[in-house]
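If you read the sequences in order, they're chains E and H.
Residue numbers for the first sequence follow my numbering, so the first one is 19 and each next one is one higher.
Residue numbers for the second sequence follow my numbering, so the first one is 19 and each next one is one higher.
2 protein chains.
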Amino acid sequence: MATLSIDAERLLGRLRELGQIGRAGDGRLIRLAGSDADRAGRDAFVAWLREAGLDVAVDRIGNIFGIWRDRVNTDEAPVLLGSHIDTVIDAGIYDGSYGVLSGLEVIETLKAAGFAPARPVAVAAFTNEEGVRYAPDMMGSLVHAGGLSVEEALATIGTDGTILGPELERIGYAGPEEPGFLKPHVYVELHIEQGPVLEREGVSIGAVENLQGISWQRVVIDGAANHAGTTPMSMRRDAGHAAARVVTFLRDRAKNANAPTVATVGCMSFEPNAINVIPSHATFTVDLRDPDEGRLRAEEAALAAYLRHLAGAEDVTISVERLARFEPVTFDRRIVELVEDAARNRGLASRRMTSGAGHDAQMIARIAPSAMIFVPSTGGISHNPREHTPDAALVAGANVLLDVVTRLAAE
Amino acid sequence: MATLSIDAERLLGRLRELGQIGRAGDGRLIRLAGSDADRAGRDAFVAWLREAGLDVAVDRIGNIFGIWRDRVNTDEAPVLLGSHIDTVIDAGIYDGSYGVLSGLEVIETLKAAGFAPARPVAVAAFTNEEGVRYAPDMMGSLVHAGGLSVEEALATIGTDGTILGPELERIGYAGPEEPGFLKPHVYVELHIEQGPVLEREGVSIGAVENLQGISWQRVVIDGAANHAGTTPMSMRRDAGHAAARVVTFLRDRAKNANAPTVATVGCMSFEPNAINVIPSHATFTVDLRDPDEGRLRAEEAALAAYLRHLAGAEDVTISVERLARFEPVTFDRRIVELVEDAARNRGLASRRMTSGAGHDAQMIARIAPSAMIFVPSTGGISHNPREHTPDAALVAGANVLLDVVTRLAAE
């Protein structure tokens with residue numbers, strides 16, 4: 019079994035084929051959860067599952083499972099692989115799809131080789147990981163792990179005014195299974211890094227040992243609109259300036275800290291947004307991440323204290339809304355070591371790392387030992403048509419997953 | 019003549035009547051240059067000019083003049099009063115209209131009192147002072163003063179895709195006179211302050227001795243979009259953060275300077291403007307004003323130097339587009355002193371001041387001795403439905419104008 023390897027052409031071919039499904043008229047890849055494009059992607063995936071001879075199951079939140087089991091192992095908890103196939107707007111072809119199709123590829127490879135696993139091996143495509151159309155993100159895996167009721171999830175209203183439940187029914191993926199029906203023995207998710215570290219260091223495999231905690235907040239600052247020419251600097255209540263102070267505060271703090279904390283202000287808007295009017299309102303988002311919950315809380319507290327100070331110093335009113343909050347996740351040490359072993363046996367350099375992005379694995383980690391495997395992202399680019407991982411690196415990652423699954427499925 | 023005063027009810031009544039013309043369905047006052055609402059406002063003004071027995075003239079850029087002259091003085095250069103009657107979106111009723119209607123009021127008062135001026139007295143409503151629909155602002159007075167050709171002005175494409183020339187024809191205000199046909203002896207513009215100084219100091223009359231220079235620039239910063247969770251702080255090229263640095267730089271510099279410089283960033287936008295993506299682009303405007311040209315240039319140079327520094331320090335590309343530039347204007351000292359005298363004689367407190375906003379007077383000052391008179395703005399608020407000046411203050415300002423015109427028209 020030492021030389022068993024996945025079928026590179028089959029995996030890469032499916033990745034490209036799925037990557038052509040959901041192209042908009044202008045060529046952009048847009049496969050938002052519950053959309054017609056999502057249906058087309060799901061249909062292709064289910065067809066591949068059936069071709070591979072797997073049992074296909076769909077649960078009420080639309081998570082799709084392809085299960086390889088036999089009469090001997092059918093009562094054992096499965097080794098679960100997977101990720102998601104929904105995308106952001108104008109996406110690349112790797113994010114999510116690579117993990118899902120590699121899971122299927124690993125199963126087909128083991129099956130064709132006559133491997134007799136001690137427990138089922140299954141691959142999942144979780145609904146709405148991206149959260150672009152329906153919030154929160156990682157919804158399907160969150161529901162699977164029991165962190166959100168399926169009723170609440172199905173009632174989610176989308177950015178386009180649609181409701182997720184009826185949309186899943188419309189596209190034929192409101193399945194009969196109760197979410198969580200398949201309780202995994204372990205969960206392993208293969209994914210592109212979506213960051214620059216592996217490529218920069220020339221390392222092929224990331225053995226992901228933990229995942230950053232994420233804190234998303236929306237901050238609204240209210241000042242007073244006044245004429246830009248006639249209002250002395252000392253009499254201004256400039257909401258835009260106060261917002262800029264927060265941006266530089268967060269940047270300086272994160273950059274000067276001897277810690278992996280990252281802080282980002284991605285959205286910003288001013289009102290009335292006129293060249294000669296002092297902004298009365300500024301609205302912006304704060305994305306704070308840290309793999310340590312204590313540090314993440316300290317960063318949130320530091321921001322809150324700064325906002326209090328700023329409100330007084332600038333005579334503005336500041337309100338904060340929490341948009342999302344996930345505690346850091348520590349992955350299963352034993353699986354992480356299996357990933358390192360597998361890489362070493364294949365002659366691939368690996369390093370332990372933290373996932374900066376959120377992934378379905380962080381949800382499934384609530385109910386089963388879990389870990390992730392990363393492969394390099396060229397230029398660290400993701401959520402973008404320029405998202406890219408070289409073919410050889412994709413194949414290497416899938417082979418490491420194959421070796422890890424071979425060990426786990428024999429338990 | 020010492021006790022001659024304007025007809026307060028007539029002036030205030032017309033202000034309120036004009037303020038009801040151009041109301042949108044939702045009640046907002048929107049009288050943009052060249053619009054149907056502008057036509058309705060112009061029609062009302064012209065009707066009042068004719069009622070008052072004035073000669074009405076309209077030039078090719080749509081400037082309207084009401085001229086009071088007789089056979090004796092018809093060859094003399096007129097004392098010109100005026101302002102504009104176009105408005106911003108969701109405007110108050112005072113900005114511009116107060117000066118135009120007060121000019122008419124002064125003429126009617128002098129005429130009714132049997133005053134025989136040594137030269138004509140005229141009132142102008144200049145086209146498109148606000149510049150909301152067609153750039154640049156103060157267009158009609160700029161064309162009148164020869165600073166912009168009428169052909170170029172008429173070819174201006176609006177924010178709604180319309181062209182000013184055809185729009186003026188459509189509303190019936192593409193007149194026959196060549197712009198500049200009426201060369202004034204002097205020009206006096208009465209206006210609300212649009213700032214907080216007079217109210218704060220309890221002063222009734224601003225004798226406006228100069229007008230700030232204005233520098234408008236648009237700055238575009240290009241960085242790189244990357245994942246907010248996976249990109250270390252040290253590897254970021256964050257255009258949003260760089261933009262925030264400029265905002266705080268300008269604020270700190272203007273606030274700490276022992277000078278009347280004001281600096282405002284009124285417009286700001288990030289791209290892609292997503293909570294978990296580092297901004298790749300930031301676009302913002304810079305409004306710099308100072309009554310001293312040397313200082314204004316120094317501020318522009320300081321900004322340019324800071325942007326060069328920032329481009330290197332943050333590994334971003336920065337481009338700057340000049341949107342507008344007006345040198346500071348010094349008004350005519352003799353007229354300013356006449357304003358102070360008139361206020362003193364009426365028992366009104368006055369102070370010399372700088373106009374922070376741009377006004378038609380700055381254009382007419384290129385061709386004739388000019389000055390402005392300010393009255394207090396409650397709360398300093400302008401370009402807003404809450405724009406307000408108490409009736410008594412409006413009447414006081416118009417009476418000061420009356421006294422100044424009485425002196426100037428006797429010359």
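Every residue gets a Cβ at the ideal spot worked out from N, C-alpha and C, and that includes glycine.
- Classified as buried, residue 230 of chain E has 16 or more neighbouring CB atoms from the shown chains inside 10 Å of its CB.
- Not a single CB atom of chain H sits nearer than 7 Å to the CB of residue 340 of chain E.
- The C-alpha of residue 172 of chain H lies about 19 Å from the C-alpha of residue 200 of chain H.
- With fewer than 16 other beta carbons inside 10 angstroms of its own, residue 90 of chain H counts as exposed.
- Taking the Cα of residue 403 of chain H as reference, the smallest distance to any Cα among H:34, H:27, H:21, H:297 is reached at H:34.
- For residue 39 of chain E, the closest C-alpha among the options E:27, E:372, E:267, E:53 is that of E:53.
- Residue E:75 holds the alpha-carbon nearest to the alpha-carbon of residue 195 of chain E among E:316, E:75, E:25, E:51.
- In this structure, DSSP gives residue 363 of chain E a helical state, which the three-state scheme calls helix.
- Residue 335 of chain H places its beta carbon 7 Å or farther from that of residue 210 of chain H.
- Secondary structure note for residue 231 of chain H: its beta strand (DSSP E) is the uninterrupted segment 231 to 240.
- For residue 276 of chain E, the nearest beta carbon of chain H is not closer than 7 Å to its own beta carbon.
- The bridge partners DSSP lists for residue 306 of chain H are H:233, H:281.
- In this model, residue 362 of chain E and residue 246 of chain H are separated by some 31 Å (Cα to Cα).
- With a cutoff of 7 Å on beta-carbon distance, residue 265 of chain H and residue 238 of chain H are scored as not near each other.
- Taking one beta carbon from each stretch, the stretch 243 to 257 of chain E and the stretch 274 to 293 of chain H have 3 or more pairs nearer than 8 Å; the two touch.
- Listed along chain E, no residue sits closer than 7 Å to residue 175 of chain H by beta-carbon distance, the nearest being about 18 Å off.
- When C-alpha distances from residue 204 of chain H are compared across H:370, H:145, H:88, H:384, the shortest belongs to H:384.
- The C-alpha of residue 70 of chain E is placed about 24 Å away from the C-alpha of residue 105 of chain E.
- Among the residues of chain H, those whose CB is under 7 Å from the CB of residue 230 of chain E are 247, following chain order.
- According to the DSSP secondary-structure assignment, residue 286 of chain E is paired through a beta bridge with E:302.
- In the three-state scheme derived from DSSP, where H, G and I count as helix and E and B as strand, residue 370 of chain E is classed as strand.
- In this structure, the CA atom of residue 121 of chain H is about 16 Å from the CA atom of residue 409 of chain H.
- Residue 327 of chain E sits exposed, since fewer than 16 C-beta atoms from the chains shown fall within 10 Å of its C-beta.
- Inclusion of residue 29 of chain E and residue 147 of chain E in the CB contact set at 7 Å is not warranted, their separation being larger than that value.
- Taken through DSSP and simplified to helix, strand or coil, residue 23 of chain E comes out as coil.
- Per DSSP, the continuous alpha helix (DSSP H) segment holding residue 327 of chain H begins and ends at 311 to 332.
- A Cβ of chain H is located within less than 7 Å of the beta carbon of residue 251 of chain E.
- Listed along the chain, the chain E residues whose CB falls inside 8 Å of the CB of residue 335 of chain H amount to none; the nearest CB is some 17 Å away.
- With contacts defined by Cβ atoms closer than 7 Å, residue 145 of chain H and residue 213 of chain H do not form a contacting pair.
- Residue 259 of chain H sits in a helix when the DSSP states are folded into three classes.
- No residue range can be given for residue 404 of chain E, since it is assigned to no beta strand (DSSP E) and is classified by DSSP as neither H nor E.
- Residue 351 of chain H and residue 37 of chain H have their C-alpha atoms roughly 33 Å apart.
- Residue-level contact by beta carbon holds for residue 303 of chain H and chain E, with a gap shorter than 7 Å.
- Listed along chain E is no residue with a C-beta nearer than 9 Å to that of residue 239 of chain H; the closest approach is about 12 Å.
- When C-alpha distances from residue 281 of chain H are compared across H:291, H:296, H:304, the shortest belongs to H:304.
- Within the DSSP bridge table, the entry for residue 86 of chain E names E:139 as partners.
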